[in-house]
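Chains as they are written, first to last, in the UniProt record's numbering: chain A, 1 to 283; chain B, 1 to 283. Take a look at the structure below.
Protein chains: 2
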Amino acid sequence: MSLLERIESCHRHDVAGYRPFLVEDRRVGFMRQDLAVELARYPSVFRVDPDQVSVAEHLDTFDYRSAAIDSVMREMRQQGLIRGWRDELFPVAESYGRPPLFDLERAAVPLFGVKAYGVHVNGYVQRDGETWLWVGRRAANRPIEPGKLDHLVAGGLPAGMKPFDNLIKEAAEEASVPKELARRARPCGALSYRMELDSCLRDDTIFVYDLELPADFVPQNHDGEIADFQLMSLGEVERLLAETTSFKFNVGLVIVDFLIRHGHIAPDRPDYAQLAMAVARKP
Amino acid sequence: MSLLERIESCHRHDVAGYRPFLVEDRRVGFMRQDLAVELARYPSVFRVDPDQVSVAEHLDTFDYRSAAIDSVMREMRQQGLIRGWRDELFPVAESYGRPPLFDLERAAVPLFGVKAYGVHVNGYVQRDGETWLWVGRRAANRPIEPGKLDHLVAGGLPAGMKPFDNLIKEAAEEASVPKELARRARPCGALSYRMELDSCLRDDTIFVYDLELPADFVPQNHDGEIADFQLMSLGEVERLLAETTSFKFNVGLVIVDFLIRHGHIAPDRPDYAQLAMAVARKP
């Protein structure tokens, strides 16, 4: 596999296999066919048509929609149709910055194929003029991609939380980064990808931050999500990305962007423009 | 005008108004209709069909194509059909890193709508924890966007020259940046845009570099392309971009990317994800 294939794997999808999911005539997701079939059992909450699924029109406020959909989700959870319940609400909106149309349990987000947001932090160290990256290894019991390599800090953006506040919180939990150090993290852009994973359509945007760490800082995990951390040279990170599937799928995308922004991947490569464009690709 | 509109103006185009231009059955450009009409007069060099224009099949090497097309271009120049002759060859290829199919006089590049490449350097200074950007003002006699604000260093990539070598050369000519200082420039990505300008389709990719300059460095122009330089706060740069058309069109795109990468534009803006996506947009 090449770096380019690694990036393109984050964009691979075919919306034809899903039904558009609408709120107030605006598409906010792409729904799994089997979920659409289940939701037809709740006509007071969802209107299920052969070519699309909408939230029932009479649910015309954020609160009505959130409450009605949540009760359906809890029923489906009891029937074993939604697994990995997190008790964490994600806001569903047409796009970032727009008012949320309803809140949805995180475990149901992939089933609805709604836009989700997260923060990723490239935690790096400068040493002898070289850049090194702190890399975590996901715990063996993580629901997604157990044991794969991950960022110093990464997490989904729950309802009502700002990206930077989420970063501060996750940095403390995942890597014991003190607040005053985490505050130095600099936002460096947003990466968007749309891919199929476990028969769901993921439509994700990652807010990317860079955090330069002191040479003597050693991250330690608190919440059990990361098994261990290691400091890797950018050469080794690039090799693992290009030749193995050791990194969690979307972490590869963020790291290639980091390698490009920091000049480790430079225009002397014949595939430079193609790589830079692929990273930036919108679905 | 907003920052978003400024970016989107770099992507506005409709290829329906142009004829695809092909070499060996591969599309390499989008040709102006009036140029297609002119080229029909040279059937030994161009095959002009109602829906596309190709280089004649018998011109099956780089050298044959370059020589034959160059002679047509020179004839059209004499007839006043190509203005602003530069005596500078640009390579025409299907994509970056692929072997060029022929070399084309720079002044004809927009008429053929072929992909062109350039380097732009964000020359910045850190002062009291704030970032300042060196901004040039284009000379009044420049063929494109005279008098508009520009980067410290920017230039098209001619045939046979590598981006970094071009940067070193242009940095000396345009801003008197010594070679050892210019070498510190760091590649930070590539931005692609496709827009209509003066009834031509521009299909450009810019290799973006950041160069941190010493606080006491003052750029001076040598080649007459820049009238003067000034050091601007990022707040002022952002204001000018959002409220005026003072900056050259594509410079705005590169600077918004800079503002995002350096955290001046942060996720606390409701339009953050939209801005980051718009900058990254591929045609």
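Beta carbons: idealized from backbone N, C-alpha and C, even for Gly. Source: prediction; values computed, not measured.
(request) Rank P20/A, A190/A, A182/A and V109/A by C-alpha distance to the C-alpha of A273/B and give the top, closest one. (result) A190/A
(request) Could you give the DSSP three-state label for P283/B: helix, strand or coil? (result) Low confidence applies to P283/B: its pLDDT is 46, below 50, so where it sits in the model is not reliable enough to give any reading.
(request) Assign G224/B to one of two classes, buried (16 or more other C-beta atoms within 10 Å of its C-beta) or exposed (fewer than that). (result) exposed
(message) Threshold first: 3 residues or longer. Then list the beta strand (DSSP E) segments lying entirely within the UniProt domain "Nudix hydrolase" (116-257) of chain B, N to C.
(response) 130-138, 153-156, 186-197, 200-212 and 226-233
(request) Could you tell me if I7/B is buried or exposed, where buried requires 16 or more neighbouring beta carbons within 10 angstroms of its beta carbon? (result) buried
(request) Could you tell me if E105/B is buried or exposed, where buried requires 16 or more neighbouring beta carbons within 10 angstroms of its beta carbon? (result) buried
(request) Indicate whether S199/B and R32/B have their beta-carbon atoms separated by less than 8 Å. (result) yes
(request) Determine the direct distance from the alpha carbon of F207/B to that of G155/A, and round the result to whole angstroms. (result) 31 Å
(message) Less than 8 Å between the beta carbons of G113/A and F21/A, yes or no?
(response) yes
(request) Kindly list the residues whose CB is nearer than 6 Å to the CB of L240/A, restricted to its own chain and excluding five residues on each side of it in sequence; keep chain order. (result) S246
(request) State the start and end residues of the unbroken alpha helix (DSSP H) segment that holds G3/A. (result) Going by the sequence as given, residue 3/A is Leu instead of Gly. First-last of the alpha helix (DSSP H) with L3/A: L3 to E8.
(message) Give me the chain B residues within the contact set of E95/A, using Cβ-Cβ distance strictly less than 8 Å, ordered along the chain.
(response) The sequence shown places Ser at residue 95/A, rather than the Glu named in the question. Per Cβ cutoff of 8 Å: A273 and Q274.
(request) Give a yes or no on whether the minimum CB-CB distance between D128/B and chain A is below 8 Å. (result) no
(request) Drop a sphere of 10 angstroms on the beta-carbon of T205/B, count the other beta-carbons inside from all chains shown, and report buried for 16 or more, exposed for fewer. (result) buried
(message) Could you check whether the Cβ of R183/B sits closer than 8 Å to any Cβ belonging to chain A?
(response) no
(message) Quick check on this structure: which residue in P50/A, L213/A and I69/A has the alpha carbon closest to the alpha carbon of E57/A?
(response) I69/A
(request) Starting from D103/A, trace the beta strand (DSSP E) both ways and give me its first and last residue. (result) F102 to E105
(request) Excluding the 5 residues preceding and the 5 following P43/A in the sequence, name in chain order all residues of the same chain whose CB lies nearer than 8 Å to its CB. (result) A56
(message) Give me the chain A residues within the contact set of G189/B, using Cβ-Cβ distance strictly less than 7 Å, ordered along the chain.
(response) I260, R261 and A276
(message) Strictly below 8 Å CB to CB, what residues from chain A border R186/B?
(response) H262 and G263
(request) Taking the CB atoms as reference points, tell me whether D210/A and A185/A lie closer together than 8 Å. (result) yes
(request) Indicate the three-state DSSP secondary structure (helix, strand or coil) for L59/B in the structure shown. (result) coil
(request) Could you tell me which chain A residues have their CB closer than 8 Å to the CB of P267/B, listed as they occur along the chain? (result) K162, P163, F164, P187, A190 and F207
(request) Quick one: residues in its chain with C-beta nearer than 7 Å to the C-beta of P99/B, no 5 flanking neighbours on either side, listed in chain order? (result) A93
(request) Using the DSSP secondary-structure output, state which residues sit across from L111/B in a beta bridge. (result) According to DSSP, L111/B bridges with nothing at all.
(request) Please list the partners that P100/A has in chain B, where partner means a Cβ-to-Cβ separation under 9 Å. (result) Simply none; closest approach about 12 Å.
(request) Report the rounded CA-to-CA distance for residue 306/A versus P163/B, giving the unit in angstroms. (result) With chain A covering 1 to 283 only, the question about residue 306/A has no answer from this structure.
(request) With DSSP as the reference, label L81/B as helix, strand or coil. (result) coil
(request) Return the chain-ordered list of same chain residues with a C-beta closer than 8 Å to the C-beta of P187/B, the five sequence neighbours on each side being excluded. (result) P163, F164, F207, V208 and Y209
(message) Quick check on R26/B: does DSSP put it in helix, strand or coil?
(response) strand
(request) Show which residues of chain B have a CB atom less than 9 Å away from the CB atom of P270/A. (result) Y96, G97 and R98
(message) Can you list, in chain order, the residues of its chain with a C-beta nearer than 8 Å to that of L231/B? Leave out the 5 residues immediately preceding and following it.
(response) V125, W132, L133, W134 and V135
(request) Measure the Cβ-Cβ separation of L157/A and G118/A and say whether it is below 8 Å. (result) yes
(message) Quick check: the Cα distance between P283/A and Y64/B, rounded to an integer number of angstroms?
(response) Bear in mind that the predicted position of P283/A carries a pLDDT of just 46, short of 50, making it too unreliable to give a figure here.
(request) Return the residues of the region 29-49 of chain B that lie within a Cβ-Cβ distance of less than 8 Å from chain A, sorted by chain order. (result) none
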